[in-house]
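Asker: I am attaching a structure below and will ask some questions about it afterwards.
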Amino acid sequence: MQQVIRSWNLPSSEDTMNTVILPAICDRAAARSVYPELIGSIGDAKVAIDASGVERVGQSMLQLLVSAAETEGGIALNSPSEPFLKAISLAGLQGTLGADITDAGAK
1 MQQVIRSWNL
11 PSSEDTMNTV
21 ILPAICDRAA
31 ARSVYPELIG
41 SIGDAKVAID
51 ASGVERVGQS
61 MLQLLVSAAE
71 TEGGIALNSP
81 SEPFLKAISL
91 AGLQGTLGAD
101 ITDAGAK
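Below, the structure written as structure tokens:
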């Protein structure tokens with residue numbers, strides 16, 4: 001009797017990427033509200049961070065994003081706004097947070 005093996009094209013964790021959308025004002029309160037969603041999204045695959053609508057960023061949010069960037073999957077910044085890019089530059093975090101950016105300064 002011949003054995004039949006079937007394969008299914010199921011998405012792997014590398015094919016799927018959770019997206020976390022940052023609010024316009026990324027202060028301590030925003031970091032607290034984003035934290036549960038971000039922690040729930042962290043895994044083997046990168047977490048997409050939509051920073052397109054960010055107008056102001058505080059140290060608490062930057063600290064949270066640095067921690068997420070250093071996880072196994074890391075993060076990918078999608079369309080970060082000019083104020084967001086300026087904040088990571090002023091904080092000296094271009095190497096940590098600026099490594100995987102798509103459509104920089106889109107808004």
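If you're matching positions, the sequence shown starts at 1 in the UniProt record's numbering and goes up one per residue.
From the three backbone atoms N, C-alpha and C, an ideal C-beta is built for every residue, glycine too.
(1) Near Glu14, what residues of its chain come up, given a Cβ to Cβ distance below 8 Å and the 5 sequence neighbours on each side ignored?
(2) To the nearest angstrom, how far is it from the Cα of Leu64 to the Cα of Pro23?
(3) Mapping the DSSP letters down to three states, classify Ile39 as helix, strand or coil.
(4) Within 10 Å of its beta-carbon, does Leu90 have 16 or more other beta-carbons around it, so buried, or fewer, so exposed?
(5) Please state the DSSP three-state secondary structure of Val66.
(6) Of the choices Asn18, Gly73, Gly58 and Ala68, whose alpha-carbon is the least far from that of Ile25?
(7) Measure the CB-CB distance between Gly74 and Asp100 and report whether it falls below 8 Å.
(8) Using only the alpha-carbon positions, how far apart do Ile88 and Leu97 sit?
Answerer: Let's see:
(1) Reliability fails at Glu14, whose pLDDT of 49 lies under 50, so the model's placement of it is uncertain and no value is given.
(2) Taken atom to atom, the span from the alpha-carbon of Leu64 to that of Pro23 is near 14 Å.
(3) In this structure, Ile39 counts as helix in the three-state DSSP scheme.
(4) Per the 10 Å Cβ criterion, exposed.
(5) In this structure, Val66 counts as helix in the three-state DSSP scheme.
(6) Among Asn18, Gly73, Gly58 and Ala68, the Cα nearest to that of Ile25 belongs to Gly58.
(7) Taking the C-beta atoms as reference points, Asp100 is found nearer than 8 Å to Gly74.
(8) When the Cα atoms are used, Ile88 and Leu97 turn out to be separated by approximately 7 Å.
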